[in-house]
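Numbering (the numbering used here), first residue to last: 461 to 680.
Notes follow the structure.
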């Protein structure tokens, strides 16, 4: 993809990450059907990739997993952990809007993959911290105009770190929806956050959620 060569490629300085990323692109390009993804076991079983990654100082498994972790943090690929016969199986997608939507469908149960079941998922965090809108799309789902407006409203009431942490907590509990995130924020504003942040933080009126559009969701 043009974006990879113009933007991401110049940032990659680890040869194992580069080789693994290019191999994933090639593998997914040749695949057919929906959705298109590659599993860790597929990568580990590919002779050409394995041969190019062999090092004398580190085990192959460590080199490959580290390369995949770097590519995931960079935002090049998306990592999903499913289970096959109660055994965890790592699968990887290219990081596109369509694939983020596909992953959301898998996690919600709307889409199932043959022989694979959903597990609790890791929070997707890129190397450079994205803005809230990008973070929402990467971890929760499609950003609609209504959700974008509510995110802007939330920014006026809570620190940005609170909103990011609330997204992270929602993902860890596999509750990927904005309604659940607002409940986390509301709870922290009433009970206080575990990091000791002042519980009544607000850039405007601390009772705005209670008085305004979110009042019906707040319990005292």
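All C-beta atoms in this analysis are idealised placements derived from N, C-alpha and C, irrespective of residue type, glycine included.
As a beta-bridge residue in DSSP terms, residue 553 pairs with 538.
In the three-state DSSP reduction, residue 495 falls in the coil class, being neither helix nor strand.
Contact between residue 479 and residue 512 holds: their C-beta atoms lie close to 5 Å from each other, under 8 Å.
Under the three-pair Cβ rule at 8 Å, the region 538-550 counts as touching the region 495-512. The Cβ-Cβ distance between residue 527 and residue 609 does not fall below 8 Å.
For residue 486, the enclosing alpha helix (DSSP H) begins and ends at 475-490. Judged by pairs of C-beta atoms under 8 Å, the region 514-534 does not touch the region 558-565, as fewer than three such pairs exist. The shortest C-alpha to C-alpha distance from residue 470 to any of 576, 540 and 534 is the one to 534. Under the three-state reduction of DSSP, residue 544 is assigned to strand. In the DSSP annotation of this structure, the continuous segment of the alpha helix (DSSP H) that includes residue 606 starts and ends at 605-617.
Between residue 497 and the set 637, 531, 538 and 473, the nearest pair of CA atoms involves 538. Here the alpha carbons of residue 574 and residue 544 stand approximately 9 Å from one another. Inter-residue distance for residue 624 and residue 611 is about 11 Å (C-alpha atoms, whole angstroms). Straight through space, the alpha carbons of residue 594 and residue 509 are spaced by roughly 32 Å. In the three-state scheme derived from DSSP, where H, G and I count as helix and E and B as strand, residue 592 is classed as helix. Nearest in C-alpha terms to residue 641, of all of 487, 626, 634 and 474, is 626.
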